[in-house]
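Mind the numbering: the sequence shown is residues -18 to -1, 1 to 254 in mature numbering (1 follows the signal peptide of the UniProt record, and there is no 0), read in order.
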Amino acid sequence: MKKLLLALSLAAAAPALAQSSVPAFTLSCEGRKPDHALQQQQCELREMQLTAPPAGTPLTIDAVANGSITVRGWEGATVRVRARVEGRAATMEAARALANAVKISTTGNTIRAARANNSLDNWEVGYEVLVPAQTSLTLKATNGHIRIENVEGAIRFETTNGSITLQGLAGDVRGKTTNGGITLGLTGTTWTRGGLDVSTVNGGITWQIPATYAATIMARTVHGRVTAALAAGARKSLLAHNLTATLGAGGPQLRVATVSGGISVTQEGAGQ
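What follows is the structure, encoded as structure tokens:
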């Protein structure tokens, strides 16, 4: 499979950019295959650099029908995007034409792809996006995973078929998936500027908490069990399907929930 790298510069780099090391992108075409043996696939990478949204305005990323989203905070002042565009068809020529017909729009603080004829058939775009560490986000996917790391802001996300991974977040964070698990990792000593409310319908939840952490945590499942290994000083109420606990001096309310799936909550150093 031939891979094509298209670099598009949509905004000039801010002066601070030269002083910040840019994290390497990890999104690639390596290992990507067509859905079945009779299909051909064209996979190409496109890179863009955008001006960050003004304070209070979210960056919206819409993965449309198929495609996953990864967003990572970094020290720079601009938004950097790598998009993986894939087209699948009976011939390589048709697959290449399909991928080439996908256009990515970045207007109005929104990143979204579409074909010229608005068809959703046999193409997808996945995103890896680097944003300033304090950035509000609105992420939308249908058949794709969502991963967010080291970002603080008003964060909203939703996918239908895909897992959720959240690491090192802060701010007002709310989101859900229908079919997929949730992996949640907290950092620091408490949650800052808001709270957390995330849920899934069909999927388990794994929650990792630092040893010294202050918050009120709540976990609930309907068809499943909640297990918790917390620090000795935690004040908790643990039932088969529900957990409420005050860690340290307490603080922001952090909630997770699932309908069909277990929940595992582990605090670093618990039981040692």
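All C-beta atoms, glycine included, are put in the ideal place defined by N, C-alpha and C. Computed from a predicted structure; not experimentally measured.
{"Check": "Whole-Å CB distance - A252 paired with A201, under 8 Å assumed", "Outcome": "Going by Cβ atoms, the distance from A252 to A201 rounds to 15 Å, so no, they are not a contact pair."}
{"Check": "Inter-residue spacing [alpha-carbon to alpha-carbon] between Q22 and A47", "Outcome": "20 Å"}
{"Check": "Buried versus exposed call for T240 [16 or more other C-beta atoms within 10 Å across all chains shown]", "Outcome": "buried"}
{"Check": "When A222, R94 and L229 are compared against A214, the one with the closest alpha-carbon", "Outcome": "L229"}
{"Check": "Closest residue to I164 among L236, S181 and L41 (Cα-Cα distance)", "Outcome": "S181"}
{"Check": "Sufficient close CB pairs (3 or more, under 8 Å) joining the segment 55 to 68 to the segment 99 to 113", "Outcome": "yes"}
{"Check": "Buried versus exposed, by CB contacts within 10 Å (16 or more), P36", "Outcome": "exposed"}
{"Check": "Proximal residues to G162 (C-beta, below 8 Å), its chain only, five neighbours per side dropped", "Outcome": "H127, T141, N143, G144, S145, I146, T182, N184 and G185"}
{"Check": "Reduced DSSP category for L80 - H, G, I as helix; E, B as strand; rest coil", "Outcome": "helix"}
{"Check": "Within 8 Å, strictly: CB atoms of T117 and V133", "Outcome": "yes"}
{"Check": "Cβ separation of G206 and S242, assumed to be a contact under 8 Å, to the nearest whole Å", "Outcome": "7 Å"}
{"Check": "Where E75 sits in the DSSP three-state scheme", "Outcome": "helix"}
{"Check": "CB contact below 8 Å: T169 versus chain B", "Outcome": "Going by chain labels, chain B is absent from the structure shown, which holds only one protein chain."}
{"Check": "Element boundaries [beta strand (DSSP E), containing K218]", "Outcome": "R217 to L220"}
{"Check": "Integer Cβ distance of L166 from Q190, believed to fall under 8 Å", "Outcome": "7 Å"}
{"Check": "Residue ranges of each beta strand (DSSP E) within the segment 143 to 200, 3 or longer", "Outcome": "146 to 149, 152 to 161, 164 to 167, 177 to 184 and 187 to 191"}
{"Check": "Residue from D44, A222, T171 and K122 with nearest C-alpha to G157", "Outcome": "K122"}
{"Check": "Residue(s) in a DSSP beta bridge with T209", "Outcome": "S246"}
{"Check": "Through-space distance from S87 to Q24, alpha-carbon basis", "Outcome": "20 Å"}
{"Check": "CA-to-CA distance, R14 to I93, given in whole angstroms", "Outcome": "23 Å"}
{"Check": "Buried or exposed (CB count within 10 angstroms, at least 16 for buried), R217", "Outcome": "exposed"}
{"Check": "C-beta atoms of V208 and L225 nearer than 8 Å", "Outcome": "yes"}
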